[in-house]
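Structure first, then comments.
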Amino acid sequence: MNEDYLWDKTGERDPEIERLERSLSSLRYKRTSKPLPLPVASRPQFRLNSTWLAAAAAIALLIFAGGLWLALHRSNSNEQSNGIAGGVVPEPIEFPKDVSVPPTVGTVNPTVQVAEDKKSDRLPETITSRASHNLNSSTQSVERMQKIALRVRNKERVLREEETIRKGELAKEQLIKALQITSDKLNAVQKKIQGTQEHNPIS
Amino acid sequence: MKSVITKSLKLTCLLFLVPLFATITASAQDVRLQLDNLNKLESKAGNSVDVTLDGALLQLAGKFLDINKPKEAAVKEVLAGLKGVYVKSFEFDKEGVYSATDVDSIHAQLRSPGWTRMVGVKSNKEGENVEFYMMMNGNQVNGIAVIATDPKQLTVVNIVGSIDLEKLLKLSGKLGIPDLDIDLGKQKK
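For the record, the sequence lines run as chains A and B.
Going by our numbering, the letters in the first sequence line up with residues 439 to 641, in that order.
Going by our numbering, the letters in the second sequence line up with residues 300 to 488, in that order.
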């Protein structure tokens with residue numbers, strides 16, 4: 439018996455061992471379960487980076503703009519109804535000269551925000567500053583757009599009122615003219631009838 | 300069961316209202332005369348007046364009448380109850396510009412049921428002819444029509460709605476705008 443072939447299948451083949459292998463092959467070990475995972479040192483931790491900050495700023499901006507739009511829309515509706523009821527004529531349109539560079543006046547001050555960030559060492563300075571500035575300028579732009587839209591609507595309303603007045607005055611003139619013609623014709627008929635009766639009095 | 304009853308009631312109302320609305324509309328259309336065939340005379344006339352005021356425009360005009368002004372107050376009194384005012388008046392520079400067939404279509408409309416010829420004044424010497432028609436519903440006037448013709452002038456007036464004729468007759472004096480009418484000018488002579 440060749441022992442090398444028995445242990446590691448090297449060397450000369452042994453027919454007896456091969457016969458034994460074939461007969462016992464049905465009992466050979468088969469792996470059914472998955473291999474166990476390798477030990478992991480640690481999972482990656484959530485970190486506040488620039489992407490998350492930008493996303494948060496965008497969401498906050500959207501919410502703020504939405505709220506602002508809703509508030510202005512409501513106040514505008516109220517103002518419009520009051521204006522029509524009271525006969526108030528809105529002021530003429532004055533478009534803002536500089537829309538691209540809004541003033542840095544608002545609820546959030548970037549400098550203060552940066553200083554606080556420096557103290558607490560929570561966020562990088564540049565990211566917070568940019569986000570705050572973007573938020574501020576976007577809010578200003580939205581406010582200006584709302585004002586422009588309001589003025590345009592007021593202007594349209596004034597034009598409609600002027601058109602109605604023009605139509606009304608024209609209709610009034612036409613009505614007076616039409617009734618005057620009718621009245622004149624009827625008076626002419628009446629006078630002729632009266633004249634005929636005078637010339638040919640009923641005896 | 301409830302929905303069936305509701306649907307049935309709605310359908311009944313609909314079936315009742317549709318013919319009613321159709322009748323009212325047809326009635327209003329009968330009172331209003333079709334004067335479009337006279338539009339071709341506008342280009343031939345030296346002076347012309349074309350007034351078409353329906354309900355909405357009449358209401359609008361009424362809002363602009365100032366009751367503090369005597370003239371406009373008088374017009375406003377006449378305006379109450381009117382549904383439409385339609386006037387076409389043409390003054391021509393020479394005789395024979397328009398023909399009798401132009402007026403015949405209007406006469407044909409005034410021969411329809413409801414219209415009554417109240418007055419007709421004809422002057423063979425001057426060739427002047429004025430006809431006054433009314434559409435009555437009991438004692439209420441639903442509309443009037445006036446056709447005034449002479450060799451150089453044609454005027455057709457159609458007023459739809461209830462109208463106080465006495466107030467309308469007085470209106471001419473209150474407005475105080477004389478000599479716009481050829482008839483009045485001729486009478487003064």
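Ideal Cβ placement from N, Cα and C applies to all residues, glycine included.
- Assignment of beta-bridge partners to residue 436 of chain B by DSSP yields B/439.
- The Cβ atoms of residue 462 of chain B and residue 377 of chain B sit closer than 8 Å to each other.
- Scanning chain A for C-beta atoms nearer than 8 Å to the C-beta of residue 337 of chain B yields nothing, as the closest lies near 14 Å away.
- Annotation note: the region 345-403 of chain B contains the following uninterrupted alpha helix (DSSP H) runs of length 4 or greater, listed N- to C-terminal: 354-362, 369-378.
- Contact check for residue 427 of chain B and residue 449 of chain B: beta-carbon distance about 4 Å, within the 8 Å limit, so the pair qualifies.
- Annotated as distal: residue 451 of chain B and residue 371 of chain B, with beta-carbon spacing of 8 Å or more.
- At the C-beta level, residue 457 of chain B and residue 404 of chain B stay beyond 8 Å of one another.
- Judged by their CB atoms, residue 459 of chain B and residue 330 of chain B are nearer to each other than the 8 Å cut-off.
- For the region 410-422 of chain B, the beta-carbon criterion of a distance under 7 Å to any beta-carbon of chain A is satisfied by 418, 420.
- The distance from the Cβ of residue 602 of chain A to that of residue 467 of chain B is about 28 Å, inconsistent with a contact at the 8 Å cut-off.
- Among the residues of the region 597-613 of chain A, those with a Cβ less than 7 Å away from any Cβ of chain B are 605, 606, 607, 609, 610, 612, 613, in the order of the chain.
- When DSSP reads this structure, residue 512 of chain A sits in no beta bridge, so it has no partner.
- B/382 is the residue among B/396, B/399, B/406, B/382 whose C-alpha sits nearest the C-alpha of residue 440 of chain B.
- Per DSSP, residue 422 of chain B lies in no alpha helix (DSSP H) segment; the continuous beta strand (DSSP E) that holds it begins and ends at 414-422.
- Close partners of residue 628 of chain A in chain B (Cβ separation under 8 Å): 468.
- For residue 393 of chain B, there are no C-beta contacts with chain A under 9 Å, since the nearest C-beta of that chain is about 22 Å from it.
- Neighbours of residue 451 of chain B in chain A, taken as residues at a C-beta separation under 9 Å, are lacking, since the least C-beta distance is about 15 Å.
- For the options B/445, B/422, B/407, B/423, the alpha carbon positioned closest to that of residue 433 of chain B is the one of B/445.
- Sequence-distant partners of residue 349 of chain B (beyond 5 residues in either direction) whose C-beta falls short of 6 Å from its own C-beta, in its chain, are 387.
- At a cut-off of 8 Å between beta-carbon atoms, residue 352 of chain B makes contact with chain A.
- The C-beta of residue 384 of chain B has 16 or more other C-beta atoms within 10 Å across all chains shown, which makes the residue buried.
- DSSP places residue 452 of chain B in the strand class (E or B) of the three-state scheme.
- Burial state of residue 333 of chain B is exposed, judged by a 10 Å Cβ sphere holding fewer than 16 other Cβ atoms.
- Closest in C-alpha terms to residue 435 of chain B, from the list B/429, B/411, B/455, B/421, comes B/411.
- With a 10 Å radius around the Cβ and a threshold of 16 neighbouring Cβ atoms, residue 632 of chain A comes out exposed.
- By the neighbour-count criterion, in which a residue is buried when 16 or more other Cβ atoms sit within 10 angstroms of its Cβ, residue 614 of chain A is buried.
- Taking the beta carbon of residue 615 of chain A as reference, the chain B residues within 7 Å of it are 348, 350, listed in sequence order.
- Neighbours of residue 454 of chain B in chain A, taken as residues at a C-beta separation under 8 Å, are given in chain order as 619, 623.
- Taking every protein chain shown into account, the CB of residue 397 of chain B has 16 or more other CB atoms within 10 angstroms, so this residue is buried.
- As the crow flies, the alpha-carbon of residue 583 of chain A is around 19 Å from that of residue 496 of chain A.
- Going by beta carbons, residue 429 of chain B and residue 616 of chain A fall outside the 8 Å limit.
- In this structure residue 610 of chain A does not touch residue 379 of chain B by the C-beta definition: roughly 15 Å separates them, more than the 8 Å allowed.
- Taking the CA atoms as reference points, residue 572 of chain A sits about 22 Å from residue 587 of chain A.
- Cα atoms of residue 392 of chain B and residue 343 of chain B: separation of roughly 9 Å, rounded to the nearest angstrom.
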